[in-house]
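Participant: So that we are looking at the same thing, I have put the structure below in structure tokens.
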Amino acid sequence: MRFFLSIIFLALILSTTSVAQELKTDTISVQVPSKEAPAKYPLVEDGPIKNVIFIIGDGTGLAQLYSGQLNLVGKDGRLHVQRMPVSGIVNTHAANRLITDSAAGATAYSCGAKTNNGMIGYLPNGEHCKTALELAQDQGKSTGLVATSTITHATPASYAAHIDSRAKQAEIAAQYLNSGVDVFLGGGKEFFIPQSEEGSRREDDRNLIDEFTSNGYAFVDDATTLKSENSDHLLGLFSLAGMPSETRTPTLAEMSTKAIDVLSKNDNGFFLMIEGSQIDWAGHENNSDYAMREVADFDAMIEAVIKFAMEDGETLVVVTADHETGGMTLQSSANENEMTIAWTTGYHTGIPVPLMAFGPHAIEFTGWHDNTEIGKLVARLAGLGTLPQIIE
Ligand SMILES: [Zn+2]
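Mapped onto my numbering, the consecutive letters of the sequence shown carry residue numbers 1262 to 1653.
So, in structure tokens, the structure goes:
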């Protein structure tokens, strides 16, 4: 008995010390003097929704946004995302886990249905669920996906692919070819080039870039050609893997602006999903500088999106997260020009995430929702149809 007690005691000591060692903290500067608080973006009169821009900050909780505010604009300043007139809270659990991954998290938004971690537009019973993007296509709207990860990563894939595992990115790239999505912009050339080419992560000889161009897409791979290309069908892959964070070109704002320029030519409207992918990656690394840089890139995109939506008046913009990553929190700091960011895990957390909305019917997003309700709401309010739906 005494032996077991001492084992338990030892285990307790070991577990508490290891937790204490794992808790990483960083000192990050606060913008001084603070910027002045700018006005909120206005509520828009309710009317028909022509366009939907659904924005996912992967791994983006309240602490990520608020520390971004302190770092970028100071105590009294506001990020663009914080100026959106409506906010809500979203529960994020998956079908099989309390802590979701990005596949189940994005599928809840795209399909309005719970699924298991790792599954993309695909339900635990093997059925494929129809996505809001696919409903928009049925109505003759143009569609687009923008991300700073590989464009075949879990979040964008959940809108235009149906597969049991997010790891099958080469197969997801092949599914995109026949998806009818008009604009793809992001990283991940490695899944589109044949295995013979350096850096390829395909296990076959298919050159999907060639197949896309044969299907009428223009292919671009740098910021300059992205800007000058005028095609209605655009595949832009700007890096082999995820897009670099420190020297990102084009920026998320530049990609999103281009996507809106192309998609808004359609008189029937459009559905665009934009992901700030790497706030999550910064969380996995417990890297505060990386997180601040990614929040800045994300917020510059929000500014560009809201600018379009304000002029347009018929665009619903929803900004939320699939889950929080890193268990980021803010601790007291002796120096008021600094803050202490503490990380409590290298994985995702179950803390509910913030949601912000702008545009017609934005007020419907106020309050505390389940992530599947958000997917259903977007489809219903935009007149796209009822979610969830099974694809026959
Ligand atoms: Zn993650």
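Using N, Cα and C, we set each Cβ at its ideal position, and we do this for glycine too.
1) Measure the C-alpha to C-alpha separation of F1480 and T1321 and round it to an integer number of angstroms.
2) May I ask you to list the residues that DSSP assigns as paired with G1479?
3) G1320: beta carbon under 7 Å from a heavy atom of ligand 1?
4) Is the separation between the beta-carbon of L1577 and that of H1622 shorter than 8 Å?
5) CB-CB under 8 Å to L1273, same chain, minus the five flanking residues each way: which ones, in chain order?
6) Consider the C-beta atom of H1609 and the heavy atoms of ligand 1; say whether any pair is separated by less than 7 Å.
7) For T1278, collect the residues of the same chain with a Cβ closer than 6 Å to its Cβ; drop the 5 residues on either side in sequence, then sort them by chain order.
8) Report yes if the CB atom of A1367 is closer than 8 Å to the CB atom of I1317, and no otherwise.
9) Whose C-alpha, out of K1637, K1285, N1527, V1305, is nearest the C-alpha of A1570?
10) Would you check if there are 3 or more beta carbon pairs closer than 8 Å linking the segment 1522-1535 to the segment 1462-1478?
11) Under 8 Å between C-beta atoms, does V1313 make it to chain B?
12) For H1354, which three-state DSSP category applies?
13) DSSP three-state call for P1613: helix, strand or coil?
14) Could you check whether A1364 and R1427 sit closer than 8 Å to each other, using their CB atoms as the reference points?
15) Have a look at T1288 and Q1330 and give me their C-alpha separation to the nearest angstrom.
16) Check whether the Cβ atoms of F1532 and K1429 lie closer than 8 Å to each other.
17) Is the beta carbon of R1641 less than 8 Å from the beta carbon of T1647?
18) Any chance the CB of H1630 is under 7 Å from a heavy atom of ligand 1?
19) With DSSP as the reference, identify every bridge partner of V1737, one or two as the case may be.
20) K1375: buried (16+ other C-beta within 10 angstroms of its C-beta) or exposed?
21) Within the chosen definition, does the segment 1377-1384 reach the segment 1486-1497 through at least 3 CB pairs nearer than 8 Å?
22) Taking the alpha-carbon positions, what's the D1202 to P1417 distance?
23) My understanding is that M1504 touches I1535, with C-beta atoms under 8 Å, so please give their C-beta distance in whole angstroms.
24) Just to confirm, are T1392 and A1435 a CB contact at a threshold of 8 Å?
25) In the DSSP assignment, what residue or residues form a beta bridge with C1390?
26) Which class does T1288 belong to by DSSP, given the choice of helix, strand or coil?
27) For N1529, count neighbouring C-beta atoms within 10 Å of its own C-beta (all shown protein chains included) and say buried if the count is 16 or more, exposed if not.
28) Tell me which residues share the same chain as E1241 and place their Cβ nearer than 6 Å to its Cβ, disregarding the 5 neighbours each side in the sequence.
Facilitator: This is what the structure gives:
1) The count along the sequence shown starts at 1 and reaches residue 1480 at position 219. The count along the sequence shown starts at 1 and reaches residue 1321 at position 60. About 31 Å.
2) For the purposes of this step, residue 1479 is identified with residue 218 of the sequence shown, where counting begins at 1. What sits at residue 1479 in the sequence shown is Ala, not Gly. In DSSP, A1479 forms a bridge with L1495.
3) Within the sequence shown, numbered from 1, the residue matching residue 1320 stands at position 59. Correct: G1320 has its Cβ closer than 7 Å to ligand 1.
4) Sequence index remark: in the sequence shown, residue 1577 carries index 316 (1-based). Sequence index remark: in the sequence shown, residue 1622 carries index 361 (1-based). For L1577 and H1622, yes; Cβs fall inside 8 Å.
5) Start at 1 with the first residue of the sequence shown, and residue 1273 comes out as number 12. In this predicted model, L1273 has a pLDDT of only 49, less than 50, meaning its place in the structure is not dependable enough to derive any value.
6) Position 348 of the sequence shown, counting from 1, holds the residue named residue 1609. Under cutoff, so the answer is yes.
7) Position 17 of the sequence shown, counted from the start, is the residue given in the question as residue 1278. Since pLDDT at T1278 reaches only 46, below the 50 mark, its modelled position is unreliable, and the value read off the structure follows with that caveat. Result list for T1278: empty, nothing under 6 Å.
8) The count along the sequence shown starts at 1 and reaches residue 1367 at position 106. The count along the sequence shown starts at 1 and reaches residue 1317 at position 56. Cβ distance < 8 Å, so A1367 and I1317 count as in contact.
9) One-based indexing of the sequence shown puts residue 1570 at position 309. The option with the nearest alpha carbon to A1570 is V1305.
10) no
11) Protein chains in the displayed structure number just one, and chain B is not present.
12) For the purposes of this step, residue 1354 is taken as residue 93 along the sequence shown, with counting starting at 1. Here H1354 sits in coil by DSSP.
13) For the purposes of this step, residue 1613 is taken as the residue at position 352 of the sequence shown. P1613 falls in the coil class under three-state DSSP.
14) Here residue 1427 refers to the residue found at position 166 when the sequence shown is read from its first residue. Here residue 1364 refers to the residue found at position 103 when the sequence shown is read from its first residue. Going by C-beta atoms, R1427 is nearer than 8 Å to A1364.
15) As a first step, residue 1288 is located in the sequence shown; it is residue number 27 there, counting from the start. As a first step, residue 1330 is located in the sequence shown; it is residue number 69 there, counting from the start. For T1288 and Q1330, the distance between alpha carbons rounds to 15 Å.
16) Along the sequence shown, read from residue 1 onward, the residue named residue 1532 stands at position 271. Along the sequence shown, read from residue 1 onward, the residue named residue 1429 stands at position 168. No, the pair does not count as a contact, with Cβ atoms beyond the cut-off.
17) Taking the first residue of the sequence shown as position 1, residue 1641 is located at position 380. Taking the first residue of the sequence shown as position 1, residue 1647 is located at position 386. Contact flag set, yes.
18) For the purposes of this step, residue 1630 is taken as the residue at position 369 of the sequence shown. Result no, Cβ not under 7 Å from ligand 1.
19) For the chain, the structure presents residues 1262 to 1653; residue 1737 sits outside this window and is missing.
20) Within the sequence shown, numbered from 1, the residue matching residue 1375 stands at position 114. With 16 or more Cβ atoms within 10 Å of its Cβ, K1375 is classed as buried.
21) no
22) With the chain represented from 1262 up to 1653, any question about residue 1202 goes unanswered, as that position is not in the structure.
23) By 1-based counting over the sequence shown, the position of residue 1504 is 243. By 1-based counting over the sequence shown, the position of residue 1535 is 274. That belief does not hold up - the Cβ atoms of M1504 and I1535 are roughly 13 Å apart, past 8 Å.
24) As a working note, residue 1392 is residue 131 in the sequence shown. As a working note, residue 1435 is residue 174 in the sequence shown. No, they are not a contact pair.
25) Position 129 of the sequence shown, counted from the start, is the residue given in the question as residue 1390. BP columns for C1390 point to I1651.
26) Counting from 1 along the sequence shown, the entry for residue 1288 is found at position 27. In this structure, T1288 counts as strand in the three-state DSSP scheme.
27) If you number the sequence shown from 1, residue 1529 lands on position 268. Flag for N1529 reads exposed.
28) The structure shown has nothing for residue 1241, since the chain only spans 1262 to 1653.
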